[in-house]
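Trainee:
2 protein chains.
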Amino acid sequence: MTATDGTVGKALDVLEKVAERDRPVRFSDLLAESELPKATLYRLLQTLTNQGMLRHDAETGAYSLGVRLVRLAHRAWSTASLAPLARPHLDALARQTGQTIHLAQLDTAQVLYVDKRSAETPVEMFSQAGKIGPAYCTGVGKTMLAFLPVDQQDRLIQQQSFHAFTDQTLDTPERLRAELVAIAARGHGYDREEHEPGIICVAVPILSAGGRVLGGLSVTGHKDHVALATLEGHLPALKTTARAIAEDAADWAFPERGSEAVMTRREEDTCRESG
Amino acid sequence: MTATDGTVGKALDVLEKVAERDRPVRFSDLLAESELPKATLYRLLQTLTNQGMLRHDAETGAYSLGVRLVRLAHRAWSTASLAPLARPHLDALARQTGQTIHLAQLDTAQVLYVDKRSAETPVEMFSQAGKIGPAYCTGVGKTMLAFLPVDQQDRLIQQQSFHAFTDQTLDTPERLRAELVAIAARGHGYDREEHEPGIICVAVPILSAGGRVLGGLSVTGHKDHVALATLEGHLPALKTTARAIAEDAADWAFPERGSEAVMTRREEDTCRESG
DNA sequence: AACCAAGTTTCAATAAATGAAACTAAATGC
DNA sequence: GCATTTAGTTTCATTTATTGAAACTTGGTT
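Quick note, the sequences are listed as chains A and B, same order.
In this text, residue positions in the first sequence follow our numbering: the first is 68, and each later residue adds one.
In this text, residue positions in the second sequence follow our numbering: the first is 68, and each later residue adds one.
1. How about L112 (chain B) and K77 (chain B): are their beta carbons less than 8 Å apart?
2. Can you tell me whether DSSP reads Q172 (chain B) as helix, strand or coil?
3. Does K198 (chain B) come within less than 8 Å of chain A when only Cβ atoms are used?
4. By alpha-carbon positions, which one of B:A99, B:R222, B:S185 ends up nearest to T175 (chain B)?
5. Tell me the residue span of the alpha helix (DSSP H) that contains G76 (chain A).
6. Which first and last residues belong to the alpha helix (DSSP H) in which T164 (chain B) is found?
7. Using a C-beta cutoff of 8 Å, does H156 (chain A) count as contacting chain B?
8. Beta-carbon separation of I312 (chain A) and L179 (chain A) under 8 Å?
9. Is it the case that the region 156-174 of chain A contacts the region 139-146 of chain A, given that we only count it when at least three CB pairs across the two stretches are under 8 Å?
10. Give the straight-line distance between the Cα atoms of D80 (chain A) and H262 (chain A), rounded to the nearest whole angstrom.
11. Using only the alpha-carbon positions, how far apart do G197 (chain A) and A231 (chain B) sit?
12. With which residues is C268 (chain B) paired in a DSSP beta bridge?
13. Below 6 Å CB to CB, which residues in the same chain sit around L215 (chain A) once its five sequence neighbours on both sides are set aside?
14. Give, in chain order, every residue of the region 257-273 of chain A whose Cβ lies closer than 8 Å to some Cβ of chain B.
15. Using a threshold of 8 Å, state whether the C-beta atoms of P91 (chain B) and T116 (chain B) are closer than that.
16. Is DSSP giving H141 (chain B) helix, strand or coil here?
17. For a test of the three-state rule: what should DSSP assign to V293 (chain A), helix, strand or coil?
18. Any heavy atom of the ligand MN closer than 7 Å to the beta-carbon of Q225 (chain A)?
19. With the cut-off set at 8 Å, would you say L284 (chain A) and V293 (chain A) are in Cβ contact?
20. Would you call the CB atoms of A213 (chain B) and I250 (chain B) closer than 8 Å?
21. Given this structure, state the Cα-to-Cα distance separating H289 (chain B) from Q235 (chain A), to the nearest angstrom.
22. Run down chain A in chain order and give the residues with a C-beta less than 8 Å from the C-beta of M120 (chain B).
23. Could you tell me which residues DSSP pairs with V178 (chain B) in its beta bridges?
24. Taking the straight line between their C-alpha atoms, what separation do you get for Y257 (chain B) and S101 (chain B)?
25. Please report whether the beta-carbon of H169 (chain A) lies at a distance below 8 Å from any beta-carbon of chain B.
26. Identify whether L298 (chain B) lies in helix, strand or coil by the three-state DSSP scheme.
27. May I ask you to report which of helix, strand or coil DSSP gives S131 (chain B)?
28. Counting along the chain, where does the beta strand (DSSP E) carrying L121 (chain A) start and finish?
29. Using DSSP's beta-bridge definition, name the partner residues of I273 (chain A).
30. Going by CA-CA distance only, name the one from B:V181, B:D238, B:L173 that's closest to C204 (chain B).
31. Using a Cβ-Cβ cut-off of less than 7 Å, give me the residues of the region 85-99 of chain B that come near chain A, in sequence order.
32. Quick one: residues in its chain with C-beta nearer than 6 Å to the C-beta of R135 (chain A), no 5 flanking neighbours on either side, listed in chain order?
33. Just the Cα atoms here: how many angstroms apart are Y109 (chain B) and G277 (chain A)?
34. Alpha carbon to alpha carbon, what distance is there between T233 (chain A) and R259 (chain A)?
35. Report the residue from A:G342, A:D72, A:G73 whose alpha carbon sits nearest the alpha carbon of G208 (chain B).
36. Go ahead and pull the three-state DSSP assignment for T236 (chain A).
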């Protein structure tokens, strides 16, 4: 992370810098906030552009993320995330609970939402999946942290920003740590308006047979519409769903493990009914 | 592409190799199909894993794509693709035509679908957007190629595989080139079951004010359900939509261009109503 | 016309990637 | 139970690519 990981690390840092912006960035903007010398940055940008990871607008001279990323991520999402595999389970859970469901995984120290079901509005995947949130003040985030091995947990706690989004936010490592112990003991976590006023949730971890944290699952609602107790009522369903996802994930995890019938997940990546 | 672009290029090649697989890959599998020497590949994999671009399963020792890609791609999709900006236009077009709509961009020599609307089934973004298709035998692909500057066009034609998906497929550079000339003259392209039996479409390019190809837009249907003539009837609507998308894209293209009111696109990347 | 800013190229010094081979660990065969 | 193969990891002298200061080019400004 801090160790630059050679040239590749630097290149990915540059990519990240471009990704942080909401708009195309010019060379000099990047140069200003980058440690790298002019010529180095220049060539990294060229390489990344060459590779399709960045796009360089000839007219304006500005760089933006390249579409190759979208293709790679589609693969990542469909082969490495829990989302495609969890889809039927999430559908069922959403129907059963009538509430908003989140499926998340850890991306470094942050929560990455890989899927979402909401009762009312239909799913809008790409605009929802791929979003990130803080780990220390969301239901799924805290719950995933709680079930991590101590060394990893410690490392990630150090990386949290502890910004107080609301007056409920656990804004110190100590408060968070106490909460994580409680979550681990209890088996599930809460969000009591710690990230956003009014928003509450109940979250459970998705654990592999070996106890490794695969992801997190939550039912979310607004306290004006649903009581925390009601959400807690969905705990059995949540836990059943989490277990079902973990089982499917185990089947998928490695070739020649489960004999056959695992290929259900495959989803043609080349677009049919093309246009 | 062939010129390895230094270490960064090699690393991205490795990433791509992992992405090609539907399942986690072991070190030796990658080694077998890679030109790279053992030690080099090994360290590249380490670096990429370190950086969160790959995930390494400690138990099985297999590599899969990392979730960091999903986050990056969400940014790429929402800041660099036409999709978020085109969304309202696509919605309107889908409603108006009652047919399946595709929005695509070029990713190297391939067509990358960044959004899709279908009349019946509701949208499933991530599972649709991000898919790729061949450029030489899809409506949007051929149409985008047709409006490219000759040098780029030539380069991309050379990169096509010319596999004959159907007996309608234009399976030589010559046939494709003739078709591209016709499309450029006519202003729009067709897919006459060239990629998939029964599937037909009419496609138009999305061009910037300067004539640069930003993307492609198509109405698609099955010949048993809709006649090509009917799809052609939607051409005015298609063209209007393409122009509208291009105009919105121009406003967005660069900072301090259009004074204000451009910020409509911004879409909080941090997930609210979190869970 | 002179100036300035942004971006691009050069080239010797330097740091990093390389890859052959040695090593370790675990699985498989005898 | 010991030898052998297979898969993955580490080492280190060699080679190669990256580096970065500075010079240069381009396009816009006063």
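Just so it is clear, CB atoms sit at the ideal spot from N, CA and C, and this is done for glycine as well.
These numbers come from a predicted model, not from an experiment.
Mentor: Judging by the given coordinates:
1. no
2. Strand, per DSSP.
3. yes
4. B:R222
5. Boundaries of the alpha helix (DSSP H) around G76 (chain A): 73-87.
6. Counting along the chain, the alpha helix (DSSP H) containing T164 (chain B) begins and ends at 150-164.
7. no
8. no
9. no
10. 28 Å
11. 36 Å
12. B:D258, B:T287.
13. V280
14. Taking 8 Å as the Cβ-Cβ cut-off, the region 257-273 of chain A approaches chain B at D258, H262, E263, I266, C268, A270, given in chain order.
15. Taking 8 Å as the Cβ cut-off, P91 (chain B) and T116 (chain B) do not qualify as a contacting pair.
16. H141 (chain B): helix per DSSP, three-state reduction.
17. The answer is coil: DSSP assigns V293 (chain A) none of H, G, I, E or B.
18. With respect to the ligand MN, the structure offers nothing, as it holds no ligand at all.
19. no
20. yes
21. C-alpha separation (whole angstroms): 55 Å.
22. L79
23. B:L173, B:G200
24. 39 Å
25. yes
26. helix
27. strand
28. 121-123
29. A:G282
30. B:D238
31. A86, D89, R90, P91
32. G119, M120
33. Going by C-alpha positions, Y109 (chain B) is about 27 Å away from G277 (chain A).
34. 10 Å
35. A:G342
36. coil
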